[in-house]
Structure formats: structure tokens, C-alpha cells
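Residue 293 in the UniProt record's numbering sits at position 198 of the sequence shown, and the numbers go up by one each step.
Some notes on the structure that comes next.
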Amino acid sequence: GKWVYSFGGGKSEGKSDMRNLLGGKGANLAEMANLGLPVPPGFTIPTSVCTYYYDNKNSYPKELKAQVEKALDAVGKITKKTFGDNKNPLLVSVRSGARASMPGMMDTVLNLGLNDVTVEALAELAGDKRFAYDSYRRFITMYSDVVLGFDHHHFEEILDTYKDNKGYSLDTDLDGDDWVHLVGKYKEAVARETGSDFPQDPHAQLWGAIGAVFSSWMNQRAITYRRLHDIPESWGTAVNVQAMVFGNMGDTSATGVAFTRNPSTGESKLYGEFLINAQGEDVVAGIRTPQDITEEARIESGSDKASMESAMPEAFKELTRIYKQLEKHYRDMQDLEFTVEQNKLWMLQTRNGKRTAKASIRIAVELANEGVISQKDAITRIDPAALDQLLHPTIDPSAERDVIATGLPASPGAASGEIVFSSDEAAKLQADGKKVILVRIETSPEDIHGMHASEGILTTRGGMTSHAAVVARGMGKPCVSGTGAIRVDYGRGTMTIGGRVFKAGDIITIDGSTGQVLAGRMPMIEPELSGEFATLMSWADKVRKLKVRVNGDTPEDARTAIKYGAEGVGLCRTEHMFFEETRIRTVREMILAEDEQARRAALAKLLPMQRADFVELFEIMHGLPVTIRLLDPPLHEFLPHTQGEIEEVARVMNADPRKLADRARELSEFNPMLGFRGVRLAIAYPEIAEMQARALFEAAIEAAKRTGDAVALEVMVPLIVGKVEFDLIKARIDATAEAVLKETGGKLNYSVGTMIELPRACLLAGEIAETAEFFSFGTNDLTQTTFGISRDDAASFLGTYIAKGILEIDPFISVDRSGVGELVKIGVARGRKTRPNIKVGICGEHGGDPASVAFCHQIGLDYVSCSPYRVPIARLAAAQAAL
Ligand code: PEP
Ligand code: MG
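As C-alpha cells, then:
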């Protein structure tokens, strides 16, 4: 078998598409050598040897040894040195390199091949004792750490004590004799602590390092990292052995790292750092302050240390030529490592660079404009979920995090503020100019004003579609829900996690994009929408087939959504319009009404309020389709629950508290989500639906008058199980329309359709489509009812299901294709069979989830509808699905 792949001297046995075999680093080194770039020669022991090693009780294929020897000879020929030679020794680096970059594994051993004899030869050849012994002590440190398992802090202690005694402050203050002395001390420490002398045989050193790389594949940190990032154990790692080049050979030598474009802003400028007379980790380790690479960057940073451009003009020119070539070749921004040895540049690594969401957009758009990639490439390169970062403040990634608990990432963005445990308190503090985080066990309509007043919402119960989550998303506020580890004690005004207690007034931060809850105030990065963002979205719009609408209940939602490119309202939850304080009182009057007449009186008061809201919404949407859903929530949600609340409300309403309590009890349900809600309300109290329909039609006529554009109104009935319910309500709606038309003499453009959000409705969709003019799949309720898992109570056990691999992902986040998705497909097929051009969309939370959007595209829906801030995500995901 072939177990070794050589590179260097202008050619190599591997190339960049052999990543699976050679690992990322090995494949790119081979590719750079093939391109004729200055890469120190070397060889890669491929991942297949790692697999062999673990399949064969930690042993190597028998041909490996001879192949390594041969490859070492080849490297020696190119460098004109010999591994293990006492006069002219070849020194090597040994690095791990899996397919995916994997922190937690053995990383690097430099200067391997040095021992008490070869170090003298190196000093002689370089004419520099300091350099040789500095290299030797680095080797002893790294090798002891990663191969012998002897922690490097032992050496740091020895070094620090020595520097203190001598009055040195920097490592570079030490001369050759200092390092000779320290190397002696280091070796003594190794012998004392490990019971054997530091290995002197270069071949033994090499096999020790190779073995350390392979065994680090199975260390605990690597296993954990693989689990967190879904990297299969079977991939294995490769080992790269490469001739050393020295950045620590005095002032004409250096080592550095660079990005071909700025990784945080995306600006097309070489960005990086280097250190003169340094090796390997020195740059990232922060021992000395690194220097800027370009003169422009130096001027900007105000540094008084020379840039690479001015200190090493030749090497800089070469780096500039190479980085441009590499970027063109790989068609992406590169992350480079290089070393300069006596003014000659050597490339040690190239790979696609990590970047922020903002930078990723700018880079993709600019690469497309430069003709390096196509517009389609640009679209597919952006992770739609990462757009969240652009639309909301995010926690500064460089800040240290004290994570106290993790809940569900219910509504993206991050916010800091004082803890408050009640909505009234939140409103009060906000009025005083304070920033607060509302912490509740769960939220209800009573909390809307508190949620409005808060920077963010944290709940300990409830899932991704709980009240808190849905409302917060609509408001564009961060929310972490279902944080079960937190105990809230309203009485004491505390929340407790493990042993830690937080009181009202303590500052916390929540990150609704990750679900993290953190102690203290965190530095934030504010979002800003760039020109490149708009360009990318316009490219996406050209290719996507799905339309994107918004789930929005307020004029503010509608305006945000229009700004983000929504093409209509897919769901207006009218109950959210009743949550405002003055209105909720009238709603309660309506609920408490003894008979139809009293109920109609209360409804008559609500009508003008609804009408005014609708007029504003229609005006903003300016002729785009608007789907308005009839009242959906269980009525008890509008009633107070505790004795104190009941008395307070009774006083304000001038009602009998006992009667109020009775009615609240009467309406209270064991399973409100499966109870008296949706169309069931309209069936029992058709006058509610009539009032809403009247408000809608009157508003549509009014808005059309003001804007000059007819309102494309879609009236939607929620939670039906079949055609009969739908027809009963549709008859009322049509009759109301007719009445309004007669009274006003205006014109209307409306259709009546239904939510399909129960399994029975999916199955009977063919029949329902006989009268329903459009379908909107409510995948929140459809998921709840298909799984038989309560939307509000799922958080307590879904986590376990995911941890145990029973479910891959929370089905309330990403649509369950095989179950819920199948029901949607059935519903679409049966509906279209009856009414071939019936409009079908989805308005569950899944409408903003990229994987679910892809599914909606596949099954041929007409549109997805999602919360305002997810509209751009859906647009991009829809474009990617279409490519
Ligand atoms: C749904 O059930 O998917 C839906 C959109 O309605 P709601 O979340 O209001 O029940
Ligand atoms: Mg629903």
C-alpha cells in the first residue's frame, strides 16, 4: 500500500481534492507545492494510516517505516541536509491535520531532530548559538508537552525564575549562554519528572511525535469536539512532516499569519500580523505584541514598530504576489501562515478563512463582482441562519462569557439589563429610563406591556412556539425560553441556578440566538445593513421560486417586513391586537357577557379599534396580499387568574369579582392548546367572527380609498377539522361582505381560506378545497398534534430526546419531513386535485427556518411566511433551494 505522500521541490503526490486522505493541511500543502509556491518540502502520512492504527491495536502498516525513510531522504535531497546527521542535520516539524480543522488534537512539534549534538551543528551552521539553543528549548518544551505528557508550565516556571534572577523582561533578552543553561535545566526537569532522559535519537523522536498525533485523535478533548461538530470518528487524522524553516534566525527572519481579506469586515485588504525573530506560536500566544504587515495598517494602528512591508520589502512583495494567486486559485478568502527565513518567504499553510456573517457577505459579493466566482456561488456561500447576526445586536465574540444557563434560542439577538420579575415592574423601570430583562416562568397576554418595555425576555417554561417565543419574535426582541435549570421565586424576587442566586435588579444578558443566559452586562456589536447585503438579496430574489411573506400583527411589524423585502402578510394573528391594555378590558367584557346581546355590545366597542388597525396595516402593505386570521386563542388567556389580579380587574371593570372568578374557572381548561380555540370560538360565538369580518371589509374599503390600490384581502379561518366548520363561518363572512358592500357602495377584492393545522384537515384537504380558496399550513399546531407533543410543555423532555438521538432536531424548530412534512404533502396534493390553482403557503415558525424553507420549495408551495426579522433568511434560503 501507499502510506506516504511527498511534496516539495515544485511537485507533489497529492492535491487539494485529496482532503479526505491527506487532511486539510496536507492537501493544501501539496496543492501549494504543485502551484510552484515556496513550500518547505515534506510528506504527509495519510488518514488511512490512522484508520489502520486503530483497526490494528495501535500498530502501523509494515511498509510505513521504509516509506517514511525514503520520503525523509527525498526531503534531504531537496534541502541538502540529512535527518539525524551530526554535521548537517535536517530538522522537521510534525503537525496533525484532519479533514476538518479540529482544536483539541495534538497540534505542532517544531525543530524535531535536535539533540545535544545536532544543536551544536545548527549553531555552527547558522553562526548563532542563541538561535540554536532557543530552537532546542522550544523543541524540548513542545515535545515534552504533547508527546511525553509533561506540562509546559514547568518550563515556564523555570524560565520566569531565571529571568527574574537575571533582571530580564523579554525572552529576546536572553543570549546563547542563557539558553544553554536553561536547556540543561529543562532536561533535568524532564528526567526528574518522567523518570527517563529526554530522547536524543532523532528517529525515536519522529516516531514518538507521529504516535502522539495518532493517539491524540482519541483523546477526550478531540472526542468531545467531534461530538459537538458531528465529525465522524472514522475520518481519522493525517500527519504532516515538513522540513523546518526558521523565523527565529535573527532580524531578517520572522513568522506571521494573514487573511487575504479582513475577516471581520470583509474589506479587500491583506490583514494580519507578524513577529520578527520568532517562531510558530509566538504570534498567537501574545507574548510579544505583533507587528502590522502592511504600511497602511501600521499607520492606521499608530504602531511605532515597523511593518513587514517596510522591514522586509522583498518578502512582503512575494507574500503579496502569492496571496493574490492563492485567492484566485481557491476562489475564496484565505487564511495563511508563513515564515521568513533570512529574508526568504516560505508558505506553511493556506485554508479558507473563517469570517463573520458581515464579512462573508461582502467577500462573496465582491468576489462575484471581481469575476472570481458566479452570483450563484455567492448566494450558496452564505449561511442563511448567519444573517441573524446582521439583523440583531450580537455579543462581542471576543468578550469573556459567564454562562449561567442555556435555554431555547427562541428569538434572536442579544440584550443586557436588570432582572425584573413582573411586567408592571418592567414598565415602571423602563419609564424611569432603565433597561430590563423580563424573567418569567412563562408569559401570557397580561405580559405584553412588560415584554414591550423590556430589552429581552427569559422564561423557564415553554418551547419555541410558546407565547413568549412567538410574541418576542414578532416584536423583534431577544428571547430565551424553556430554561428549565432556572428556578424563579416571584415571592422572594430571586432566580436560582445551581447554587447561584440572582435578585431583581441584578444585571444579566440573554443571547436569543444561542439560548445562553449570562451573568453581567456584555459588550455588543450593533447590526448594520450594508450595500453588499442588498446586492446579495437582489441576486437571491432573481432565482428563488417561493414568495416570502411576513407573520405580522402590528404596523411596526409590517414596516420592518417591507424593509426586509416581504411580499405580503401571510399571517396576522388578530388576537395580538387585543392584548393592548385598554382593549383587553373590552375583550373581558365581551367574554363575561351573559347573552348574545351583551356580547354584541362589547364587540361593537372593539370594532372601531380593529378597523383602525387594519386600515393602517393595509395602507403599509399597499396592495400586497394580506392574510388576516380570525381570533384563535383560548378565551381564558384574556382573563386574570390569581385572586389579586381578579380583584384588581373587577375593580377597574366595575364587575363582580366572584362572577369574574366563576367565569375564569368555567373557561379554564386542562389542555388549552387543544381546547376551546380557533374556529371553535367562531362556531360558538359567530358574532365575534362577524365583528372581525366587518372591521376587515370596512377597513379594506377605507384603505383602498386612501391609497388608490385595492386591498388583496385574504380572510383566514383557524384550526378547522373539516369542511363543515369552514362553510359555516365562510357563509357569515360572505354575508358580512355583502352587507358592507351594500352600505358603502365600495369594491372588495377578497378570498376566504383556511389554516390547515390539524392532521384531519390535511387528510380531508380535498373536500375542504371545494370551498376554501387558499390554504396556509400552520405547522406549529400541526407539529403539536401530529406528535401529540404540547407546544408549551415540550421543553422539559424534548432536550432528552435530542440528546438520545431519538429526534435529530426540535420539530418545532425545523419541520419533521417524514411525519409532519408528509401530512403537508398530502394536504397540498389533495387540495390541488380539487382546486388546481389553490394558493398554498406555510405560516408556522418553520417558515423562517432554512431547512424547512428548502422543504417548502421541494414540495412546491407558493410561499412561506415568517416573523419580520427572518424575512431575509427565508429569501436567501429559498434562493439556495432553487439553485
Ligand atoms: C401554527 O399553528 O402553525 C400557526 C401559525 O398558528 P399559531 O402559532 O398562532 O397557533
Ligand atoms: Mg395554529
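Note that CB positions come from ideal geometry on N, CA and C, so glycine has one too.
Treat the numbers as computed from the prediction; the structure is a model and nothing was measured.
Asked, Found
"Going by CA-CA distance only, name the one from A832, A410, G926, D804 that's closest to G817.", "G926"
"In the structure shown, what three-state DSSP assignment does P504 receive?", "strand"
"Does ligand 2 have a heavy atom nearer than 8 Å to the CB of P813?", "yes"
"Quick check on F892: buried or exposed, where buried means 16 or more other Cβ atoms within 10 Å of its Cβ?", "exposed"
"Label Q585 either buried or exposed according to how many other C-beta atoms from any shown protein chain fall within 10 Å of its C-beta, with 16 as the threshold for buried.", "The question names Gln, yet the displayed sequence has Tyr at residue 585. It counts as exposed."
"Take every Cβ of the segment 951–969, pair it with every Cβ of the segment 646–662, and state whether three or more of those distances are shorter than 8 Å.", "yes"
"Check each candidate in Q484, V460, H487 and name the one with the smallest Cα separation from T475.", "V460"
"Would you mind working out which of G118, A522, K928, A500 sits nearest G615, comparing C-alpha positions?", "A500"
"Quick one: is the Cβ of T874 within less than 8 Å of any heavy atom of ligand 1?", "yes"
"For M619, which of T630, T604, T609 has the nearest alpha-carbon?", "T604"
"Verify whether the separation of the beta carbon atoms of A699 and A688 is less than 9 Å.", "no"
"With 16 as the cutoff for other CB atoms within 10 Å, does A826 come out buried or exposed?", "exposed"
"For L503, verify whether its CB is less than 8 Å away from any heavy atom of ligand 1.", "no"
"Less than 7 Å between C-beta atoms, sequence neighbours within five positions excluded: which residues of the same chain meet that for L791?", "F709, I723, L808, V810"
"Can you tell me whether V565 sits near ligand 1, meaning its C-beta is under 8 Å from at least one heavy atom of the ligand?", "yes"
"Does ligand 2 have a heavy atom nearer than 8 Å to the CB of D648?", "no"
"For V336, which residues from the same chain have a beta carbon less than 6 Å from its beta carbon, with the 5 sequence-adjacent residues on both sides left out?", "G137, F138, V187, V189"
"Output yes or no for whether 9 Å exceeds the beta carbon distance between L217 and S196.", "no"
"According to DSSP, is L301 helix, strand or coil?", "helix"
"Ligand 1 and E465: does the residue's C-beta get closer than 8 Å to at least one heavy atom of that ligand?", "no"
"Starting from T267, trace the beta strand (DSSP E) in both directions and tell me its first and last residue.", "No beta strand (DSSP E) contains T267, which DSSP labels as neither H nor E."
"Ligand 2 heavy atoms versus the CB of M850: any closer than 8 Å?", "yes"
"I'd like to confirm the pairing. Which residues does DSSP put opposite Y366 in its beta bridges?", "F354"
"Determine, using beta carbons only, whether S310 comes closer than 9 Å to chain C.", "Looking for chain C here will not work: only one protein chain is present."
"In three-state terms, what does DSSP make of N875?", "helix"
"So what's R639 in DSSP terms, helix, strand or just coil?", "coil"
"How many Å lie between I456 and G367 at the Cα?", "20 Å"
"Hey, out of V340, V170, I908, whose CA is closest to A480's CA?", "I908"
"Which two residues bound the contiguous beta strand (DSSP E) that contains R535?", "531–535"
"When you compare only the Cα positions, how much space is there between V134 and Q437?", "15 Å"
"For the beta strand (DSSP E) that contains S239, what are its first and last residues?", "Element bounds for S239: not the beta strand (DSSP E) but the alpha helix (DSSP H), 224–241."
"Since A563 and I581 should fall inside the 8 Å C-beta cutoff, what is the C-beta to C-beta distance between them, to a whole number of angstroms?", "Contact flag wrong, Cβ pair sits at about 14 Å."
"In three-state terms, what does DSSP make of V163?", "helix"
"Nearest to G351 by alpha carbon, out of D112, Q374, D606, T677?", "Q374"
"How about R644 and C951: do their beta carbons lie closer than 9 Å?", "no"
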